[in-house]
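A quick write-up on the structure given underneath.
Number of protein chains: 2
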Amino acid sequence: MPTSSPSDRTKVRRHAERGAYDQDLIHSILDEGYVCHVGFVDGGHPYVIPTAYGRVGDQIYLHGSAASHMLGVLEEGPEVCVTVTLVDGLVLARAAFRNSMNYRSVVVFGKARLVTDPREKMEALRAFTNHITPGRWEEVRTPTEGEMKATSVLALPLNEASAKVRSGPPLDTDADCELPIWAGVVPIRAEAGEPVPDVRVHQDALPFDTARLARQ
Amino acid sequence: MPTSSPSDRTKVRRHAERGAYDQDLIHSILDEGYVCHVGFVDGGHPYVIPTAYGRVGDQIYLHGSAASHMLGVLEEGPEVCVTVTLVDGLVLARAAFRNSMNYRSVVVFGKARLVTDPREKMEALRAFTNHITPGRWEEVRTPTEGEMKATSVLALPLNEASAKVRSGPPLDTDADCELPIWAGVVPIRAEAGEPVPDVRVHQDALPFDTARLARQ
């Protein structure tokens, strides 16, 4: 499997055993998440903004209104940090000090690039839609030229990315394991509920099958 | 309900109609999330790190190993931005351009303060544990003096916080509503699965009831 060497920034320092630089793992975490958190500096202050994203190969794409403050700042090409976190479980230990969470996260550092090529931009918009629901782009009404103009798309390469993963049971001391307190892991998953059709949904529209949302 | 006036930074600019400064709403979003994303600037570069948190009144607490890089940076008292995001639904429109997500998010700006008072520190550790599972602190083995020393706790006031909420159906144009494409909302929830007991769980320990995790 392709791997990359950690840079000074992506090297996982705290709990280094949880760090991973494997591209397939990084891609799978990015593909499973719905929201990323974009960090940037504006006027010397840090900002962390949640937003949707899509991945094509070894780049992720961010988008937003051409009038968005965040997109405006990012178009200038400053350093950004984009983080995706999946909570997999609550790790309940017998000792409060040993409580933890099982998770998979990816942190990407880099400079975003404004996508100006119309073909790349359309491909990125396809990735946003199909990231949420595979195959959905092929069913929906694709963007007009006006809608394309109203949307800014930014690309961020994944060459400075790392994953961090914690899994498994709580790690209580032997002495604490003697305590009559339940300990273990409660799995947590983002589950889809029953789809709620729009009131104006067309009578010929096929119902939506949530099995389409299944992550690999 | 108590509200606060938005500061220049917390004022929601893009989709201002989604902005909210109501304290009860801000608290309820913070209480429902499991993970926050902490943004800070180190060496001029933005970092976004996922971590657990707890709330007591109008402050949130962050914690970590006294040896953590992030905690070390934050103890210096720089500006931070802490964001919590809950994904509530996938908003599938007939037009790709109108796809969206239903979510509730909180963004907090401020300077973190290292908690040195032992009583406040213990109260914060209680908040971390009971944030995940109400009442759990009262059951587990509480921290020793050594464990307290190994943990750094930081407080961040909520006086510069804002919420942003999107809910409801997709907003397709009238013309697009004529298309025979399913449109609507797929609700998304963080659901708990069957608890997995630790292999060494004591025979007298009561099983864990996931109903305890229910958010208000």
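These protein sequence lines map, in sequence, to chains A and B.
With this note's numbering, the residue at position 98 of the first sequence is 98, and numbering never jumps.
With this note's numbering, the residue at position 182 of the second sequence is 182, and numbering never jumps.
Note that the Cβ used here is the ideal one computed from N, Cα and C, for glycine as well.
Query, Result
"Short Cβ contact (8 Å threshold) for V259 of chain A with V107 of chain B", "Here chain A covers residues 1 to 216 and nothing more, so residue 259 of chain A does not appear."
"8 Å Cβ shell around R9 of chain A - same chain, five flanking residues per side excluded", "F109, E160"
"Members of the region 38 to 58 of chain A near chain B, C-beta cut-off 8 Å", "V38, G39, F40, V41, G44, H45, P46, Y47, V48, I49, P50, A52"
"Proximal chain B residues relative to L179 of chain A, where beta-carbon distance stays under 7 Å", "R141, H202"
"CB contact check: V186 of chain A to chain B, cutoff 8 Å", "yes"
"S167 of chain B at chain A interface by Cβ criterion, 8 Å", "no"
"Between the CA atoms of A192 of chain A and A95 of chain B - distance to the nearest angstrom", "22 Å"
"Cβ-Cβ separation, V84 of chain B to L30 of chain B (assumed contact under 8 Å), whole Å", "6 Å"
"Every unbroken alpha helix (DSSP H) inside the region 110 to 198 of chain A [4 residues or more]", "118 to 132, 145 to 149"
"The region 150 to 169 of chain A / the region 110 to 119 of chain B touching (three or more Cβ pairs under 8 Å)", "no"
"Proximal residues to E123 of chain B (C-beta, below 8 Å), its chain only, five neighbours per side dropped", "V56"
"Contacts that Y103 of chain B makes with chain A (C-beta to C-beta distance below 8 Å)", "V35, P50"
"Touching by the beta-carbon criterion (3+ pairs, under 8 Å), the region 50 to 65 of chain A and the region 54 to 73 of chain B", "no"
"Presumed contact (8 Å Cβ cut-off) between H37 of chain B and V48 of chain A, rounded CB distance", "5 Å"
"Supposed close pair F97 of chain A, E147 of chain B - CB separation, criterion 8 Å", "4 Å"
"Contacts that D198 of chain B makes with chain A (C-beta to C-beta distance below 7 Å)", "P169, P170, A183, G184"
"Beta-carbon neighbours of P207 of chain B, restricted to chain A and to distances below 7 Å", "W182"
"Closest by C-alpha distance to V165 of chain B, when choosing among B:S100, B:A127, B:E120, B:A175", "B:S100"
"Classification of L90 of chain A by the beta-carbon crowding that lies within 10 angstroms, buried from 16 upward", "buried"
"Rounded separation between F208 of chain A and H69 of chain A - CA only", "34 Å"
"Residue-level contact to chain B via CB, V87 of chain A, 8 Å cutoff", "yes"
"Euclidean distance between Cα positions of Y34 of chain A and I181 of chain A", "35 Å"
"Buried or exposed by the 16-neighbour rule on C-beta atoms within 10 Å, applied to P170 of chain B", "buried"
"Whole beta strand (DSSP E) elements within the region 38 to 97 of chain A, 3-residue minimum", "45 to 51, 53 to 56, 59 to 65, 79 to 92"
"Cβ pair G184 of chain A, L92 of chain A closer than 8 Å", "yes"
"Best match in B:A150, B:K149, B:L125 for proximity to R141 of chain B [C-alpha to C-alpha]", "B:L125"
"Proximity of I188 of chain A and V73 of chain A at Cβ, strictly below 8 Å", "no"
"Cβ-based burial, P50 of chain A [other Cβ within 10 Å; buried from 16]", "buried"
"Distance between beta carbons of G54 of chain B and H263 of chain B, contact taken as under 8 Å", "Limits of chain B in this structure are 1 at one end and 216 at the other, which puts residue 263 of chain B out of reach."
"CB contact check: D176 of chain B to chain A, cutoff 8 Å", "yes"
"Residue burial classification, P2 of chain A (beta-carbon count within 10 angstroms, cutoff 16)", "The predicted model places P2 of chain A with a pLDDT of 48, which falls under 50 and marks its position as unreliable; any figure quoted below should be read in that light. Exposed is the call here."
"Spatial distance of H202 of chain B from D176 of chain A (CA atoms)", "10 Å"
"T133 of chain B and R212 of chain B closer than 8 Å at C-beta", "yes"
"Local conformation of A214 of chain A per DSSP, three classes", "coil"
"Contact with chain B by I132 of chain A, beta-carbon distance below 8 Å", "yes"
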